[in-house]
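Numbering (our numbering), first residue to last: 573 to 711.
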């Protein structure tokens, strides 16, 4: 099976591995199609998942790692505050990232949905006074 991240990045202070993971099982639940870690060396947790028609998994959660995996061209490539929400789109076979980004400052994601054309809709919480992207006007 494929995996984007095959080893857990341990926290240097505690030696623990507080990472999110994503696992895809076959239709009968009898075999792994892929399973991958998703995180850096801080406390990262997945909270929601959605899948598009091509089989790509969209994962949302909270990242406390300064080295959480982000992709080139991502909306936000740097952790701001102690935690940031994250949104990651895995390739259909789980072996790579189509995109991955932090979202906001001192924030987290609690839900995600994907429409027919692949737009991700993310539900979350955060320090919105310090997060100017959370509200866009003038459209």
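In this text, a Cβ means the ideal position worked out from N, Cα and C, and glycines have one as well.
Fair warning: this is a prediction, and the values are worked out from it, not measured in the lab.
State the CB to CB distance for the pair residue i and residue j, rounded to an integer number of angstroms; the pair is presumed to be in contact (CB under 8 Å).
i           : j           : result
residue 612 : residue 640 : 4 Å
residue 657 : residue 663 : Contact doesn't hold; Cβ gap of about 21 Å is too wide.
residue 618 : residue 631 : 5 Å
residue 672 : residue 650 : The Cβ separation is near 13 Å, so there is no contact.
residue 679 : residue 697 : 6 Å
In three-state terms, what does DSSP make of residue i?
i           : result
residue 616 : strand
residue 667 : coil
residue 719 : Absent from the structure is residue 719, since the part of the chain shown begins at 573 and ends at 711.
residue 582 : coil
residue 695 : strand
residue 575 : coil
Do residue i and residue j have their C-beta atoms closer together than 7 Å?
i           : j           : result
residue 593 : residue 668 : no
residue 614 : residue 681 : no
residue 628 : residue 582 : no
What's the call for residue i, buried or exposed, on a 16-neighbour Cβ count within 10 Å?
i           : result
residue 596 : buried
residue 733 : In the structure as shown, the chain starts at 573 and stops at 711, and residue 733 therefore has no counterpart that could be examined.
residue 636 : buried
residue 610 : buried
residue 711 : Any answer about residue 711 is weak, because its pLDDT of 49 lies below 50 and its placement is not dependable; what the coordinates show is given next. Exposed.
residue 695 : exposed
I'd like the ranges of any beta strand (DSSP E) spanning at least 3 consecutive residues and lying wholly in the region 631-693. As far as the region 631-693 is concerned, its whole beta strand (DSSP E) runs of at least 3 residues are 656-662, 669-675, 679-686.
Which full runs of the beta strand (DSSP E) of 3+ residues lie inside the region 582-611, going along the chain? With a minimum length of 3 residues, the continuous beta strand (DSSP E) runs that stay inside the region 582-611 are 592-597, 604-610.
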